[in-house]
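Working notes for the structure below.
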Amino acid sequence: MNHRLVQAGSVLALSAALFYSTLPAWGQNDGASLYKAKCAACHGADGTGNTSVGKTMKIRDLHSADVQKQTDAQLTDIVTAGKSPMPGYKDKLTADQIKALVGYIRELGKK
47 MNHRLVQAGS VLALSAALFY STLPAWGQND GASLYKAKCA ACHGADGTGN
97 TSVGKTMKIR DLHSADVQKQ TDAQLTDIVT AGKSPMPGYK DKLTADQIKA
147 LVGYIRELGK K
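Positions in the sequence shown are counted from 1; adding 46 to them yields the working numbering.
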């Protein structure tokens, strides 16, 4: 009997995991959440690029005038297609998510 309960519990847990993995994550289209999930490892939580990867790859500070003077279209192109050494996110993020990231990069420029 215990074996059946364990088996049923495992099936239930797997079913729940598969169901919830197909649902959109909370904040998935929120620029700050996307930034934290996709960008912060290299660009840093604050956008300065002050991470080991950021320092090694000489990533520009997202607050800098050099980054902030770019148009939204230019930033969108960089996030979409990538710019060495950054990979593109065309196949990983939707257009709305990329737009949200660009908006968040603009917010970082105000801080």
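We put the beta carbon where it would ideally sit given N, CA and C, even for glycine.
Span separating the alpha-carbon of residue i from that of residue j
{"i": "LYS136", "j": "ASP142", "result": "11 Å"}
{"i": "ALA83", "j": "ILE144", "result": "13 Å"}
{"i": "VAL150", "j": "ALA127", "result": "The residue asked about is misnamed: residue 150 is Tyr in this sequence, not Val. TYR150 and ALA127: Cα-Cα distance of roughly 18 Å."}
{"i": "ARG152", "j": "GLN114", "result": "7 Å"}
{"i": "LEU121", "j": "THR97", "result": "21 Å"}
{"i": "ASP123", "j": "CYS85", "result": "15 Å"}
{"i": "ALA78", "j": "VAL125", "result": "15 Å"}
{"i": "LYS129", "j": "ASP76", "result": "23 Å"}
{"i": "ALA87", "j": "GLN116", "result": "22 Å"}
Status (buried if at least 16 other CB within 10 Å, exposed otherwise) for residue i
{"i": "GLY100", "result": "buried"}
{"i": "ASP112", "result": "exposed"}
{"i": "ASP118", "result": "exposed"}
{"i": "VAL57", "result": "Only weak support is given to the placement of VAL57: the predicted model assigns it a pLDDT of 37, under 50, and the value that follows is read from those uncertain coordinates. Classification of VAL57: exposed, given that the 10 Å Cβ count is below 16."}
Host alpha helix (DSSP H) of residue i (start-end)
{"i": "THR122", "result": "118 to 127"}
{"i": "ALA111", "result": "111 to 114"}
{"i": "ASP107", "result": "It is not in any alpha helix (DSSP H) - ASP107 carries neither H nor E in the DSSP assignment."}
{"i": "LYS145", "result": "141 to 155"}
{"i": "GLY77", "result": "77 to 84"}
Test item: CB-CB of residue i and residue j under 8 Å
{"i": "LEU139", "j": "TYR81", "result": "no"}
{"i": "LEU154", "j": "GLY93", "result": "yes"}
{"i": "HIS109", "j": "LYS157", "result": "yes"}
{"i": "MET103", "j": "PRO133", "result": "no"}
Residue i - partner residues in DSSP beta bridges
{"i": "PRO133", "result": "GLY128"}
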